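Participant: Offset between the sequence shown (1-based) and the numbering used here: plus 2.
Even for Gly, the Cβ is constructed at its ideal location relative to N, Cα and C.
None of these values were measured; they are calculated from a predicted model.
This is the structure I want to talk about, given as structure tokens.
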Amino acid sequence: MSQPLKVALIGANGQLGSDIVSHFLPQCDRYQLTALTRADIDIRQADIVDQVLTTQKFDVVINSAAYVRVDDCEQEVDTAFNVNAIGALNVARACRDINALCVYISTDYVFRGDRPSPYTESDMPNPINIYGTSKLTGEYLVQQTTTRSLILRISSVFGKAGASGKGGNFVETMIKKAKAGDPLKVVNDIFMSPTYTYDVARLLDALLQAGATGIIHGANSGSCSWHEFASAALSLANIQHPIAAIPASDFPTKATRPMNSALISNQLPKITDFQMRSWQEALAAYIQAR
Ligand SMILES: NC(=O)c1ccc[n+]([C@@H]2O[C@H](COP(=O)([O-])OP(=O)(O)OC[C@H]3O[C@@H](n4cnc5c(N)ncnc54)[C@H](OP(=O)(O)O)[C@@H]3O)[C@@H](O)[C@H]2O)c1
């Protein structure tokens, strides 16, 4: 029997990180997981990263840590780049030194979003906000530093833990407001691929088993507007509450959002039989499990 893969996970407390822990930790025959929170490793500090990662012989390091507050990134540019770009570089250097696969979790926001069709892995990124720019810089730094990397782009995630950086997730916010009887207005002209972190954890497992490298899009399949997503969430949760559809121009934010950042993968079918289910199925599973 082969040895379990030694995997370090950075960002273990996060929305995605928590689901990676839940999926990988019990599988002791296949994975030996070291779950690292920000208290264990601050990726902005190269010496700490080096100390934590190079003293053990990890086969894989998953970097799920990020500064994810998209609007705050516009002002807090230093923090965005220190975590999402320099942090990614620090992790990639340590991976190179121990010959570990460096897995960097990235985002649909690397794309401009000015076309109607979904983005594939071969489309050229061209971000329109600081968050997307810092994450794309992270991707470049990882690729430039180590030849053994996997960049997994996901989008608009929802998971049991809720994004710690965002204080919950969109689905929970909608349900909470609807239950409180608050008026709801949601944009209906921004499109994306909602993605369940539970599914991303399983996808990562399949990708590691397949020895995948390069850039891969790992969103749930299909796409919708935020209004459609919110309506589906309330309907699945059996909550009757009106949601007004508004254009993005009526909901100004500090950071400009891509109008269509839906992701699709040309690579996945070439690598693994694992398929990401539709966002509707994933949302139904989430609502049932919450
Ligand atoms: N949320 C989305 O909609 C979305 C969409 C596309 C891509 N992504 C990507 O998916 C990944 C996971 O996001 P998420 O939604 O799970 O976000 P999250 O819940 O905010 O998790 C991010 C984690 O990173 C940790 N972290 C922040 N700064 C750190 C630092 N300097 N050193 C070490 N750890 C640090 C946070 O720790 P604390 O909890 O202690 O702050 C948190 O546990 C990120 O790479 C993100 O860019 C997210």
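According to DSSP, is residue 70 part of a helix, a strand, or is it coil?
Facilitator: Correct three-state label for residue 70: coil.
Participant: Can you name the residues that DSSP bridges to residue 104?
Facilitator: Paired residue(s): 63 and 151.
Participant: Kindly provide the ranges of any beta strand (DSSP E) runs that are 3 or more residues long and lie completely inside the stretch 6-61, ordered along the chain.
Facilitator: Taking only runs of at least 3 residues, the beta strand (DSSP E) segments lying wholly in the stretch 6-61 are 7-12 and 33-38.
Participant: I'd like to know whether the C-beta of residue 47 is nearer than 9 angstroms to at least one C-beta of chain C.
Facilitator: No chain C is present in this structure, which holds just one protein chain.
Participant: Determine which residues share a DSSP beta bridge with residue 156 and list them.
Facilitator: Residue 156 pairs with 109.
Participant: Using beta-carbon positions only, say whether residue 242 and residue 123 come within less than 9 angstroms of one another.
Facilitator: No, the Cβ-Cβ distance between residue 242 and residue 123 is not below 9 angstroms.
Participant: Whose C-beta lies closer than 7 angstroms to the C-beta of residue 222 among residues of the same chain, with five residues either side of it excluded?
Facilitator: Cβ neighbours of residue 222 beyond the five flanking positions: 195, 196, 197, 198, 201, 278, 279, 280, 281 and 284.
Participant: So does residue 14 have its beta carbon nearer than 8 angstroms to some heavy atom of ligand 1?
Facilitator: Answer for residue 14: yes, Cβ within range of ligand 1.
Participant: How big is the Cα-Cα spacing for residue 171 and residue 15?
Facilitator: Cα to Cα, residue 171 sits roughly 15 angstroms from residue 15.
Participant: If we ignore side chains and look at the alpha-carbon of each, how far apart do residue 271 and residue 127 end up?
Facilitator: Whole-angstrom Cα-Cα distance: 22 angstroms.
Participant: Once you ignore the five residues that flank residue 191 on each side, which residues in its own chain have a CB closer than 8 angstroms to its CB?
Facilitator: Same-chain partners within the cutoff: 227, 249, 250 and 261.
Participant: Under 8 angstroms: do the stretch 173-191 and the stretch 91-101 share three or more Cβ pairs, one atom per stretch?
Facilitator: No, the stretch 173-191 is not in contact with the stretch 91-101.
Participant: Pull the bridge partners of residue 245 from the DSSP assignment, please.
Facilitator: Paired residues: 186.
Participant: To the nearest angstrom, how far is the alpha carbon of residue 239 from that of residue 161?
Facilitator: So the two alpha carbons sit approximately 15 angstroms from each other.
Participant: Beta carbon of residue 257, beta carbon of residue 132: below 9 angstroms?
Facilitator: Contact: yes.
Participant: The beta strand (DSSP E) with residue 217 in it runs from where to where?
Facilitator: Taken as a continuous stretch (DSSP letters only), the beta strand (DSSP E) holding residue 217 covers 216-219.
Participant: Over what stretch of residues does the alpha helix (DSSP H) that includes residue 266 continue unbroken?
Facilitator: Residue 266 -> no alpha helix (DSSP H), and no H or E assigned at all.
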